[in-house]
Amino acid sequence: DQQVKQNSPSLSVQEGRISILNCDYTNSMFDYFLWYKKYPAEGPTFLISISSIKDKNEDGRFTVFLNKSAKHLSLHIVPSQPGDSAVYFCAASGVGNQGGKLIFGQGTELSVKP
Amino acid sequence: GAGVSQTPSNKVTEKGKYVELRCDPISGHTALYWYRQSLGQGPEFLIYFQGTGAADDSGLPNDRFFAVRPEGSVSTLKIQRTERGDSAVYLCASSLRGAGLDSPLHFGNGTRLTVT
Chain X
2 DQQVKQNSPS LSVQEGRISI LNCDYTNSMF DYFLWYKKYP AEGPTFLISI
52 SSIKDKNEDG RFTVFLNKSA KHLSLHIVPS QPGDSAVYFC AASGVGNQGG
102 KLIFGQGTEL SVKP
Chain S
7 GAGVSQTPSN KVTEKGKYVE LRCDPISGHT ALYWYRQSLG QGPEFLIYFQ
57 GTGAADDSGL PNDRFFAVRP EGSVSTLKIQ RTERGDSAVY LCASSLRGAG
107 LDSPLHFGNG TRLTVT
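The listed protein sequences derive, respectively, from chains X and S.
For reference, each letter of the first sequence is one residue, going 2 to 115 in the working numbering.
For reference, each letter of the second sequence is one residue, going 7 to 122 in the working numbering.
Right, here's the structure in full:
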């Protein structure tokens, strides 16, 4: 049972344009969500998070939007840069997850072309 | 370095052998997590330690997998009688005090295990 889903395995955008990465979840008990970024041969690195009581969180070029009624979140990157090319994972956790363990999606590979 | 360190970075073993994977968390982090990532998938939770004790081992796939953290710092993931299906990247992460909105997981670079 895949509780966190990223249905797009890959995304390609032009440098300077907006990148939108999407994530859907099924468990309404999740109370916070995170995005991680992963380069080849490295571990995932934390990017941005959002609490379920908010619908938007912004950090520089990165904004995460949460739509609880649709059980959907998205990560916007504006403007996209070639260095943003990586695999992006959304993750969720909350009351139902002992110790706050994270449940990850399958990842979306972003390619930003110069 | 100040990050999570995992050794070895690569491990090739024969089917049926025993392997140990080591994780050195960030100093002062009380929580330590093991995840496994297969090709094309996201990290899959295996086990979580708070201090020396395993607080949640619900992700361990079977009794061939075992992990310890005897002094509340370094952890070792042990796999007995390895199978080809165990081939994956094993990721370790630590956080200041159990993962939370203000305490994200910090991952190491992983150990790539290949069982031939």
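From the three backbone atoms N, C-alpha and C, an ideal C-beta is built for every residue, glycine too.
- Below the 7 Å Cβ cutoff, chain X contributes 90, 105, 106, 107, 108 as neighbours of residue 48(S), in chain order.
- Interface residue (Cβ-Cβ distance to chain X less than 8 Å): residue 96(S) is not classified as such.
- Residues of the stretch 15-43 of chain X with a C-beta atom less than 7 Å from some C-beta of chain S are 33, 35, 42, 43, listed in chain order.
- Where residue 19(S) is concerned, the enclosing beta strand (DSSP E) starts and stops at 16-19.
- In the DSSP assignment, the residues bridged to residue 60(X) are 63(X).
- Collapsing the DSSP output to three states places residue 106(S) in a strand.
- Here residue 60(X) is exposed: its Cβ has fewer than 16 other Cβ atoms, across all protein chains shown, within 10 Å.
- With respect to chain X, the C-beta atom of residue 111(S) has a partner C-beta closer than 8 Å.
- With respect to residue 13(X), residue 75(X) sits apart: the two C-beta atoms are not nearer than 8 Å.
- In this structure, the beta-carbon distance from residue 85(X) to residue 11(X) does not fall below 8 Å.
- Between residue 38(S) and residue 51(S), the gap from beta carbon to beta carbon reaches 8 Å or more.
- Collapsing the DSSP output to three states places residue 92(S) in a helix.
- Ranked by Cα distance from residue 114(S), the first of 63(X), 40(X), 110(X), 16(X) is 40(X).
- Chain order gives no chain X residues near residue 73(S), where near means a beta carbon separation below 9 Å; the closest approach is about 14 Å.
- Its chain contains 42, 43, 44, 119 as the residues whose beta carbon lies nearer than 7 Å to that of residue 94(S), once the 5 sequence neighbours on both sides are disregarded; these appear in chain order.
- Across the stretch 41-62 of chain X, CB contacts with chain S closer than 8 Å involve 42, 43, 44, 45, 46, 47, 50, 52, in sequence order along the chain.
- DSSP places residue 85(X) in the helix class (H, G or I) of the three-state scheme.
- Here residue 95(X) is bridged, per DSSP, to 31(X).
- If you draw a straight line from the Cα of residue 10(S) to the Cα of residue 70(X), it comes to about 37 Å.
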